[in-house]
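S.K.: Note that numbering that gives the first Met the number 0 has the sequence shown beginning at 0, numbered continuously upward.
Every residue, glycine too, gets a C-beta built ideally from N, C-alpha and C.
Could you have a look at this structure, given as structure tokens, before my questions?
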Amino acid sequence: MVHKPRNSLLTVGVSKYSRSQVFAKRALYKRKPAGTVAAAPAVANKTVEVKGAKNGGSRVIAASKAPRFYAAEDVAVPKKHRKHAGVAKLRSTIVPGTVLILLAGRYRGKRVVFLKQLESGLLLVSGPFKINGVPLKRVNQAYVIATSTKVDIDASKIDAQLNDAYFARPKAAKKAVTEAAFFEGEKKKEPLAENKVALQKSTDKVILEAINKVEYLRQYLSAKFSLSKGQAPHALKF
0 MVHKPRNSLL TVGVSKYSRS QVFAKRALYK RKPAGTVAAA PAVANKTVEV
50 KGAKNGGSRV IAASKAPRFY AAEDVAVPKK HRKHAGVAKL RSTIVPGTVL
100 ILLAGRYRGK RVVFLKQLES GLLLVSGPFK INGVPLKRVN QAYVIATSTK
150 VDIDASKIDA QLNDAYFARP KAAKKAVTEA AFFEGEKKKE PLAENKVALQ
200 KSTDKVILEA INKVEYLRQY LSAKFSLSKG QAPHALKF
């Protein structure tokens with residue numbers, strides 16, 4: 000029977016199955032990784048005297064000779080893990096105070112003000128909430144359009160508490176579902192913590208002070224972005 004490879008090329012450089020899919024299909028996870036063997040001390044080559052005037056006088060015998068036969072089965076060598084987490088490089092068009100247009104999510108189409116880049120690489124933005132209802136949130140820079148409009152805000156006035164830990168949700172303890180709890184219906188939504196409300200107001204106050212200095216900027220941020228018929232987004236200058 001002619002052997003048929005498990006994977007095949009759909010086109011040049013594009014295979015039918017990915018590397019991880021082939022790994023799963025071949026059940027390579029069942030292989031036990033080769034254990035680490037202590038390195039043997041290096042043995043120096045041996046020099047032997049040879050009799051005879053025409054034989055050179057001495058000969059070097061290698062300490063380790065090449066094997067006469069190869070192993071019947073290949074020894075699996077675990078792949079080196081070369082992946083590492085790195086912060087995404089911030090686009091040159093995005094600086095603190097830049098007005099961004101959100102392209103995805105609950106607030107898509109809204110204009111927000113960029114405050115800073117967090118350690119995770121996500122962007123910290125705010126509507127502010129008083130103008131267009133967008134609270135402090137994190138967004139990926141792949142889902143925003145950077146406009147040429149900028150708000151002159153003082154980055155030093157942004158609270159240091161606004162980091163990735165600020166947005167972390169507390170893990171709720173798993174409870175056994177009882178019959179009575181099943182028929183209770185929808186649970187009441189927990190109110191936002193007072194410290195987060197205060198932090199939202201203090202941050203928006205800094206942004207609003209800068210917005211009120213520019214004419215029509217408040218109306219610009221409150222207006223939702225949309226395209227009319229015949230408008231090409233790639234031809235627009237934001």
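So, for residue 62: in the same chain, excluding its five sequence neighbours on each side, which residues have a beta-carbon less than 7 Å away from its beta-carbon?
M.R.: As a position in the sequence shown, residue 62 is number 63, starting the count at 1. Closer than 7 Å at Cβ, skipping near neighbours: 42, 43, 44 and 45.
S.K.: Taking the alpha helix (DSSP H) that residue 202 falls in, what are its first and last residues?
M.R.: By 1-based counting over the sequence shown, the position of residue 202 is 203. Per DSSP, residue 202 belongs to the alpha helix (DSSP H) from 193-210.
S.K.: May I ask whether a heavy atom of the ligand NAD can be found less than 8 Å away from the beta carbon of residue 205?
M.R.: With respect to the ligand NAD, the structure shown offers nothing to examine, as it has no ligands at all.
S.K.: Taking DSSP as the reference, what is the three-state secondary structure of residue 237?
M.R.: Here residue 237 refers to the residue found at position 238 when the sequence shown is read from its first residue. It is coil, neither helix nor strand.
S.K.: Using 8 Å for Cβ pairs, my map puts residue 108 next to residue 101. What's the rounded Cβ distance?
M.R.: Residue 108 sits at position 109 when you count from the first residue of the sequence shown. Residue 101 sits at position 102 when you count from the first residue of the sequence shown. Between residue 101 and residue 108 the Cβ distance is about 7 Å, and since that is below 8 Å, they are a contact.
S.K.: Do residue 17 and residue 8 have their C-beta atoms closer together than 9 Å?
M.R.: Residue numbering aside, residue 17 sits at position 18 when the sequence shown is read from its first letter. Residue numbering aside, residue 8 sits at position 9 when the sequence shown is read from its first letter. Going by C-beta atoms, residue 17 is not nearer than 9 Å to residue 8.
S.K.: Are residue 122 and residue 93 close, meaning C-beta to C-beta below 9 Å?
M.R.: Within the sequence shown, the letter at position 123 stands for residue 122. Within the sequence shown, the letter at position 94 stands for residue 93. Against a cut-off of 9 Å, the Cβ pair of residue 93 and residue 122 comes out as a contact.
S.K.: Under the DSSP definition of a beta bridge, which residues are partnered with residue 122?
M.R.: Position 123 of the sequence shown, counted from the start, is the residue given in the question as residue 122. Looking at the DSSP assignment, residue 122 forms a beta bridge with 116 and 138.
S.K.: Near residue 89, which residues of its chain fall below 6 Å by C-beta distance, leaving aside the five closest residues on each side in sequence?
M.R.: Taking the first residue of the sequence shown as 1, we reach residue 89 at position 90. Around residue 89: 116.
S.K.: Helix or strand or just coil, what does DSSP make of residue 145?
M.R.: One-based indexing of the sequence shown puts residue 145 at position 146. Residue 145: strand per DSSP, three-state reduction.
S.K.: Counting along the chain, where does the beta strand (DSSP E) carrying residue 100 start and finish?
M.R.: Within the sequence shown, numbered from 1, the residue matching residue 100 stands at position 101. Segment 97-101, the beta strand (DSSP E) holding residue 100.
S.K.: Just curious, the beta strand (DSSP E) that residue 244 is in, first and last residue?
M.R.: Residue 244 cannot be examined here, being either before or after the span of the chain that is shown, 0 to 237.
S.K.: Less than 9 Å between the beta carbons of residue 112 and residue 91, yes or no?
M.R.: For the purposes of this step, residue 112 is identified with residue 113 of the sequence shown, where counting begins at 1. For the purposes of this step, residue 91 is identified with residue 92 of the sequence shown, where counting begins at 1. No, the pair does not count as a contact, with Cβ atoms beyond the cut-off.
S.K.: Is it buried or exposed for residue 203, if we count other Cβ within 10 angstroms and need 16 for buried?
M.R.: Stepping through the sequence shown from its first residue, residue 203 is reached at position 204. Classification of residue 203: buried, given that the 10 Å Cβ count is 16 or more.
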